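Positions 40 to 337 (my numbering) are the ones given, in order, by the sequence shown. Report on one structure; see the data block that follows.
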Amino acid sequence: MRKKVTKAIFPVAGMGTRFLPATKSVPKEIMTLVDRPLVQYAIDEARAAGIKEFIFVTSRGKGALEDYFDHAPQLEQELRKKGKDALLETLKSTNMESGAIAYIRQHKALGLGHAVWCARRLIADEPFAVMLPDDVIAAEKPCLQQMVEAYQETGGCMVAAMEVPPERTSAYGILDVEEDMGSVVKVKSMVEKPKPEEAPSNLAVIGRYILTPSVLSNLNKIKSGAGGEIQLTDAIAQEIGKPKRGVYGLRFRGQRFDCGSKSGFLQATVSFGLAREDLRDDLSRYLHEVVAMDKASQ
Ligand code: G1P
40 MRKKVTKAIF PVAGMGTRFL PATKSVPKEI MTLVDRPLVQ YAIDEARAAG
90 IKEFIFVTSR GKGALEDYFD HAPQLEQELR KKGKDALLET LKSTNMESGA
140 IAYIRQHKAL GLGHAVWCAR RLIADEPFAV MLPDDVIAAE KPCLQQMVEA
190 YQETGGCMVA AMEVPPERTS AYGILDVEED MGSVVKVKSM VEKPKPEEAP
240 SNLAVIGRYI LTPSVLSNLN KIKSGAGGEI QLTDAIAQEI GKPKRGVYGL
290 RFRGQRFDCG SKSGFLQATV SFGLAREDLR DDLSRYLHEV VAMDKASQ
């Protein structure tokens with residue numbers, strides 16, 4: 040039996056400049072997808088996968104994110120008094136156990152690898168997950184849970200993987216596959232943000248990882264890579280070929296939205312809106328109208 044994965048690191052130190060001016064005062068992770076902050080989707084996914092400890096790597100200006108995880112007893116009391124049970128349940132479902140969340144500051148924006156390394160003292164000698172809340176994944180079985188199950192078989196490091204259009208490789212970590220077992224692939228090498236002509240494939244890393252603590256030791260020594268940043272991809276790549284470990288990719292089942300981009304965020308909003316019973320009819324009617332008007336104007 041492998042050690043259980045009970046800790047997850049959430050790197051949330053980025054400035055979110057693509058969403059300026061909104062991110063002048065609102066951390067990107069608090070921006071609302073339908074009626075829940077982006078980060079809540081990652082938390083729910085982590086909980087479903089058995090995560091018990093949540094480590095946020097933050098930076099200056101992320102106070103609202105920490106406040107979001109406070110309990111709201113007054114608000115709960117108000118809702119209880121008014122008999123607003125459904126809202127009360129929604130609110131309570133976001134409550135986190137005291138002591139389950141830790142915040143670490145990343146003092147300099149030196150890259151994703153550096154952000155993960157900042158949490159090293161809270162990990163000790165056990166496998167851990169990394170979740171990038173910008174990548175929102177709609178799936179029947181939550182993506183991290185799929186990975187935890189696959190990891191029970193493979194051990195080593197596991198990254199979520201998805202085929203992307205070949206011209207988009209320079210936005211992702213890209214896998215070179217040694218053995219393709221269908222949904223799980225064994226990785227031969229991985230490279231951060233290669234140009235399309237240099238990419239070994241179009242199988243990209245998506246922001247979910249299960250990593251061995253040795254990745255943290257690799258990060259101790261690693262030099263800056265693509266974009267002059269300390270890259271997590273490079274530290275994971277050093278695990279390739281290690282006996283009884285190795286690196287695996289999981290082609291997860293589900294739809295991924297890149298909520299780090301405006302268009303991805305809008306698509307996620309529409310898709311999650313349509314998935315909601317209370318919103319579906321109105322939203323769908325409106326979308327049909329918009330499409331019809333658009334066609335008529337062409
Ligand atoms: C990060 C990782 C990259 C991965 C991507 C997934 O890049 O460095 O390997 O493919 O997340 O979203 P970022 O999007 O932070 O530049």
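Quick reminder that beta carbons are idealized off the backbone N, C-alpha and C, glycines included. It should be emphasised that the depicted structure is a prediction, and the values quoted were computed from it without experimental measurement.
Please state whether DSSP places aspartate 321 in a helix, a strand or coil.
What you label residue 321 is simply residue 282 of the sequence shown in a count that begins at 1. Aspartate 321: helix per DSSP, three-state reduction.
From the DSSP output, read off the bridge partner residues of cysteine 182.
What you label residue 182 is simply residue 143 of the sequence shown in a count that begins at 1. None, per the DSSP bridge assignment.
Got a sec: does the ligand G1P put a non-hydrogen atom nearer than 8 Å to the Cβ of glutamine 145?
Along the sequence shown, read from residue 1 onward, the residue named residue 145 stands at position 106. Proximity of the beta carbon of glutamine 145 to the ligand G1P is not indicated: no heavy atom of the ligand is located closer than 8 Å.
Below 9 Å between beta carbons: does that hold for valine 96 and alanine 139?
The count along the sequence shown starts at 1 and reaches residue 96 at position 57. The count along the sequence shown starts at 1 and reaches residue 139 at position 100. No; because the gap between Cβ atoms is not below 9 Å, this pair is not in contact.
Judging by CA-CA distance, which residue of Leu149, Glu192, Leu118 and Leu271 is the nearest neighbour of leucine 289?
By one-based count along the sequence shown, residue 289 stands at place 250. Leucine 289 has its Cα closest to that of Glu192, out of Leu149, Glu192, Leu118 and Leu271.
Any contact between the stretch 171-180 and the stretch 67-79? By contact I mean 3 or more CB pairs, one from each, below 8 Å.
yes
From the DSSP output, which residues share a beta bridge with proline 50?
Along the sequence shown, read from residue 1 onward, the residue named residue 50 stands at position 11. Answer by DSSP bridge pairing, in chain order: Val96.
Note down, in chain order, each residue of its chain lying with its Cβ closer than 8 Å to the Cβ of leucine 72, except the 5 sequence neighbours on either side.
Within the sequence shown, residue 72 is the residue found at index 33, counting from 1. Only Tyr80, Val175, Cys298, Phe304, Ala307, Thr308 and Phe311 meet the Cβ criterion.
Run of the alpha helix (DSSP H) containing valine 78, from where it starts to where it stops
To locate residue 78, count along the sequence shown from 1; it is residue 39. Looking at the DSSP string, the run of the alpha helix (DSSP H) that includes valine 78 is 77-87.
When you compare only the Cα positions, how much space is there between leucine 313 and valine 230?
Counting from one through the sequence shown, the residue named residue 313 turns up at place 274. Counting from one through the sequence shown, the residue named residue 230 turns up at place 191. Leucine 313 and valine 230: Cα-Cα distance of roughly 36 Å.
Burial state of arginine 247 (16 or more Cβ within 10 Å)
The residue labelled residue 247 in the question sits at position 208 within the sequence shown. By the C-beta density criterion, arginine 247 is buried, having at least 16 other C-beta atoms within 10 angstroms.
Using a Cβ-based criterion (distance less than 8 Å to any ligand heavy atom), does glutamate 328 qualify as near the ligand G1P?
As a first step, residue 328 is located in the sequence shown; it is residue number 289 there, counting from the start. Checking every heavy atom of the ligand G1P against the Cβ of glutamate 328, none is found closer than 8 Å.
Extent of the continuous alpha helix (DSSP H) to which phenylalanine 304 belongs:
If you number the sequence shown from 1, residue 304 lands on position 265. From DSSP, the alpha helix (DSSP H) with phenylalanine 304 extends over 301-313.
Whose CA, out of Pro166, Phe296, Gln294 and Arg292, lies closest to the CA of isoleucine 275?
Against the sequence shown, residue 275 aligns to sequence position 236. Checked all of Pro166, Phe296, Gln294 and Arg292; the closest Cα to isoleucine 275 is Pro166.
Please determine, among Arg292, Val286, Tyr211 and Thr251, the residue with the shortest C-alpha to C-alpha distance to threonine 45.
Reading the sequence shown from its first residue, position 6 is the one you call residue 45. Checking every option, the nearest Cα to that of threonine 45 belongs to Thr251.
Considering only the beta carbon of each residue, do isoleucine 279 and serine 228 sit closer than 9 Å?
Your numbering for residue 279 matches position 240 in the sequence shown. Your numbering for residue 228 matches position 189 in the sequence shown. Against a cut-off of 9 Å, the Cβ pair of serine 228 and isoleucine 279 comes out as a contact.
Hey, is the stretch 121-134 in contact with the stretch 186-205, meaning 3+ C-beta pairs nearer than 8 Å?
no
Would you give the residue range spanned by the alpha helix (DSSP H) that serine 256 belongs to?
On the sequence shown, position 217 is the one that residue 256 refers to. Taken as a continuous stretch (DSSP letters only), the alpha helix (DSSP H) holding serine 256 covers 253-260.
Do the stretch 320-329 and the stretch 213-228 make contact, defined as three or more Cβ pairs closer than 8 Å?
no
Just verifying my parser: in three-state terms, what is the DSSP assignment at arginine 159?
Within the sequence shown, residue 159 is the residue found at index 120, counting from 1. If DSSP states are grouped into helix, strand and coil, arginine 159 belongs with the helices.
I need the DSSP call for phenylalanine 108, collapsed to helix, strand or coil.
Locating residue 108 in the sequence shown gives position 69, where the first residue counts as 1. It is coil, neither helix nor strand.
Cut-off 7 Å between Cβ atoms - residues of its own chain near arginine 315, not counting five sequence neighbours on either side:
Position 276 of the sequence shown, counting from 1, holds the residue named residue 315. Within the same chain, arginine 315 has close Cβ partners Val73.
Same chain only: Cβ atoms within 8 Å of lysine 301, ignoring 5 sequence neighbours per side
Looking up residue 301 in the sequence shown gives position 262. Hits under 8 Å: Arg57 and Phe58.
In whole angstroms, what is the alpha-carbon distance linking lysine 123 and glycine 195?
On the sequence shown, residue 123 is found 84 positions in, with the first residue counted as 1. On the sequence shown, residue 195 is found 156 positions in, with the first residue counted as 1. Going from the Cα of lysine 123 to the Cα of glycine 195 covers about 47 Å.
How many whole angstroms separate the CB atoms of phenylalanine 291 and alanine 168, which I take to be in contact at a CB cut-off of 8 Å?
Position 252 of the sequence shown holds residue 291. Position 129 of the sequence shown holds residue 168. Distance from phenylalanine 291 to alanine 168 at the Cβ level is roughly 13 Å; contact not present, criterion being Cβ atoms closer than 8 Å.
Chain B within 9 Å of threonine 56, Cβ atoms only:
Among the protein chains of the structure shown there is no chain B, as only one such chain exists.
Which class does threonine 71 belong to by DSSP, given the choice of helix, strand or coil?
As a first step, residue 71 must be located in the sequence shown, where it is residue number 32. It is a strand residue.
N-terminal and C-terminal residue of the alpha helix (DSSP H) that aspartate 124 is part of
Position 85 of the sequence shown, counting from 1, holds the residue named residue 124. Segment 124-132, the alpha helix (DSSP H) holding aspartate 124.
Taking only the alpha-carbon atoms, compute the straight-line gap between isoleucine 269 and alanine 47 and give it to the nearest angstrom.
In the sequence shown, residue 269 corresponds to position 230, counting from 1. In the sequence shown, residue 47 corresponds to position 8, counting from 1. Cα to Cα, isoleucine 269 sits roughly 20 Å from alanine 47.
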